[in-house]
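In the numbering used here, the protein residues as written are 55 to 122.
Beta carbons: idealized from backbone N, C-alpha and C, even for Gly.
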């Protein structure tokens, strides 16, 4: 598991632009403060739709891997 995590860290560190752009990261963190889960999900969805398709694809694979 350590080697897989190490490869993932190297991959994400090597990206020219971070997976979560800095200007979107603070917006994403602010979503955590929303108590209503439905409203939180709506805000996160709206935020994710502003990201480039390539980022969404990488995120989908990453989260599927982490969920496995």
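Nearest-angstrom Cα distance between residue 72 and residue 101? Counting from 1 along the chain shown, the entry for residue 72 is found at position 18. Counting from 1 along the chain shown, the entry for residue 101 is found at position 47. Rounded to the nearest angstrom, the two C-alpha atoms are 16 Å apart.
Output needed for residue 85: all residues of its chain with C-beta closer than 8 Å, excluding positions within five of it in sequence on either side, in chain order. As a working note, residue 85 is residue 31 in the chain shown. Here the set comprises 94, 97, 98, 101.
Using only the alpha-carbon positions, how far apart do residue 77 and residue 115 sit? By 1-based counting over the chain shown, the position of residue 77 is 23. By 1-based counting over the chain shown, the position of residue 115 is 61. The alpha-carbon atoms of residue 77 and residue 115 are separated by roughly 23 Å.
Put residue 37 into one of helix, strand or coil per three-state DSSP. Because the chain spans 55 through 122 in this model, residue 37 falls outside it and cannot be assessed.
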